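Mapped onto the working numbering, the consecutive letters of the sequence shown carry residue numbers 2 to 261. All C-beta atoms, glycine included, are put in the ideal place defined by N, C-alpha and C. In this text, all values refer to a predicted model and were calculated from it rather than measured experimentally.
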Amino acid sequence: MSAPGNKTGRRARRVLDRLARLFLFRDGIPASDAGRAAAVRSNFLLHLHPSRVTRRAAHPSYTWCMGGLATLAFLILTVTGVLLMFYYRPSPEFAYLDTAGMSEGVPFGRFLRNLHRWSAHAMVIFVWLHMLRVFLTGAYKPPRRFNWVVGVCLLVLTMLLSFTGYLLPWDQLSFWAVTVGSKMAAAAPVVGGEGPAIPGTEDVLQRFSLKVLLLGGSDVGPAALLRFYVLHCIVLPLACAVLMAVHFWRVRKDGFSGGL
Ligand code: HEM
Numbered sequence: 002m003s004a005p006g007n008k009t010g011r012r013a014r015r016v017l018d019r020l021a022r023l024f025l026f027r028d029g030i031p032a033s034d035a036g037r038a039a040a041v042r043s044n045f046l047l048h049l050h051p052s053r054v055t056r057r058a059a060h061p062s063y064t065w066c067m068g069g070l071a072t073l074a075f076l077i078l079t080v081t082g083v084l085l086m087f088y089y090r091p092s093p094e095f096a097y098l099d100t101a102g103m104s105e106g107v108p109f110g111r112f113l114r115n116l117h118r119w120s121a122h123a124m125v126i127f128v129w130l131h132m133l134r135v136f137l138t139g140a141y142k143p144p145r146r147f148n149w150v151v152g153v154c155l156l157v158l159t160m161l162l163s164f165t166g167y168l169l170p171w172d173q174l175s176f177w178a179v180t181v182g183s184k185m186a187a188a189a190p191v192v193g194g195e196g197p198a199i200p201g202t203e204d205v206l207q208r209f210s211l212k213v214l215l216l217g218g219s220d221v222g223p224a225a226l227l228r229f230y231v232l233h234c235i236v237l238p239l240a241c242a243v244l245m246a247v248h249f250w251r252v253r254k255d256g257f258s259g260g261l
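Here's what the structure looks like:
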């Protein structure tokens, strides 16, 4: 008869094995070193990079780690952003008081705000430098053209995240910066609302121009704050996360540039 400890151990191993099959290894936990290495190489979650890279491309000076650092900044922004949401109400009545009060009355509030703001600046810089690296090493050429386009979308989303976040403190700086930014959008031809328009579309543009869609009205006000909040906290981060998953999947599928 087997000892009760062994029985529990076998059951725990069976549960672990089932979980591992579900989330990580298709054929269960590998038993040998070679099996473990093969499982890691063939698993997207355990090995984001392609399994074959040249020595040159594996050196940190090839990528400057900019893609990885942009990912890290995004993760820090997500965690700190969710924590900041607990103390922020997106209405003109509370927005300024909540953000200012967070630095004084909330434990680690000032630290969280600063971490969020500095990570946002860092992400913008990392993404631009990452794109510069990809361009300078010619990594945008076939077979990575699709991933370059995904990258351009990620760049636009990163800039939009930065822009929408700017309004949320609802202070003088953010109010006027977004007023200027939305006037630039309004000046866009055809769809802007205040730029050159197709004759006869003036009535439609009164209700459906880029400016109205962005601000929810003709000026920066409560509707704009709510729209920017929803875009900044839900729509844009989700779109960014989905596109990042596609981006990483393509990095792995297309193979890494750098002389292979
Ligand atoms: C949120 C923004 C972005 C994140 C998190 C991100 C992340 C990454 C990571 C982790 C890699 C693999 C390692 C590396 O090359 O550093 C990579 C590769 C790549 N990225 Fe991005 N990226 C972003 C934006 C962009 C942009 C703006 C472009 C270009 C317009 C771009 C184009 C590419 C291409 C073509 C590769 C393959 C590079 C190669 O094989 O050498 N990415 N990205």
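Open item on the list: DSSP three-state label for Trp-171, please.
Closed with: To locate residue 171, count along the sequence shown from 1; it is residue 170. Of the three classes helix, strand and coil, the one that applies to Trp-171 here is coil, per DSSP.
Task: Option in Leu-174, Phe-95, Phe-75, Trp-171 with minimal Cα separation from Met-124 - done: Residue 124 sits at position 123 when you count from the first residue of the sequence shown. Checking every option, the nearest Cα to that of Met-124 belongs to Phe-75.
Task: When Leu-98, Ser-163, Pro-108, Trp-149 are compared against Met-245, the one with the closest alpha-carbon - done: The sequence position of residue 245 within the sequence shown is 244, counting from 1. Cα-wise, what sits closest to Met-245 is Trp-149.
TODO: Return yes when the Cβ of Ser-210 is within less than 8 Å of the Cβ of Ala-1, no when it is not.
DONE: Residue 1 lies beyond the range of the chain shown here (2 to 261); nothing can be said about it.
Open item on the list: Once DSSP output is grouped into helix, strand and coil, what is the label at Leu-47?
Closed with: To locate residue 47, count along the sequence shown from 1; it is residue 46. Coil, per DSSP.
- [ ] Measure the C-alpha to C-alpha separation of Leu-169 and Phe-229 and round it to an integer number of angstroms.
- [x] To locate residue 169, count along the sequence shown from 1; it is residue 168. To locate residue 229, count along the sequence shown from 1; it is residue 228. About 7 Å.
TODO: Compare the C-alpha of Leu-227 against each of Phe-95, Arg-15, Lys-8, Thr-79 and name the closest.
DONE: Translated into the one-based positions of the sequence shown, residue 227 becomes position 226. Of the candidates Phe-95, Arg-15, Lys-8, Thr-79, the one whose C-alpha sits nearest the C-alpha of Leu-227 is Phe-95.
Open item on the list: With H, G and I counted as helix, E and B as strand and the rest as coil, what does DSSP make of Leu-25?
Closed with: Within the sequence shown, residue 25 is the residue found at index 24, counting from 1. Under the three-state reduction of DSSP, Leu-25 is assigned to coil, being neither helix nor strand.
Task: Cutoff 7 Å; reference Thr-79; Cβ partners in own chain excluding five residues on either side - done: As a position in the sequence shown, residue 79 is number 78, starting the count at 1. Counting only Cβ-Cβ distances below 7 Å, and skipping sequence neighbours, we find Pro-238.
- [ ] Please decide whether Gly-196 counts as near chain D, where near means a Cβ-Cβ distance under 8 Å.
- [x] This model lacks chain D altogether; it includes just one protein chain.
Open item on the list: Between the alpha carbons of Asp-99 and His-48, how many angstroms are there, rounded?
Closed with: Sequence index remark: in the sequence shown, residue 99 carries index 98 (1-based). Sequence index remark: in the sequence shown, residue 48 carries index 47 (1-based). Distance between the alpha carbons of Asp-99 and His-48: 42 Å.
- [ ] Report yes or no: do three or more beta-carbon pairs, one from the region 166-180 and one from the region 126-134, lie closer than 8 Å?
- [x] no
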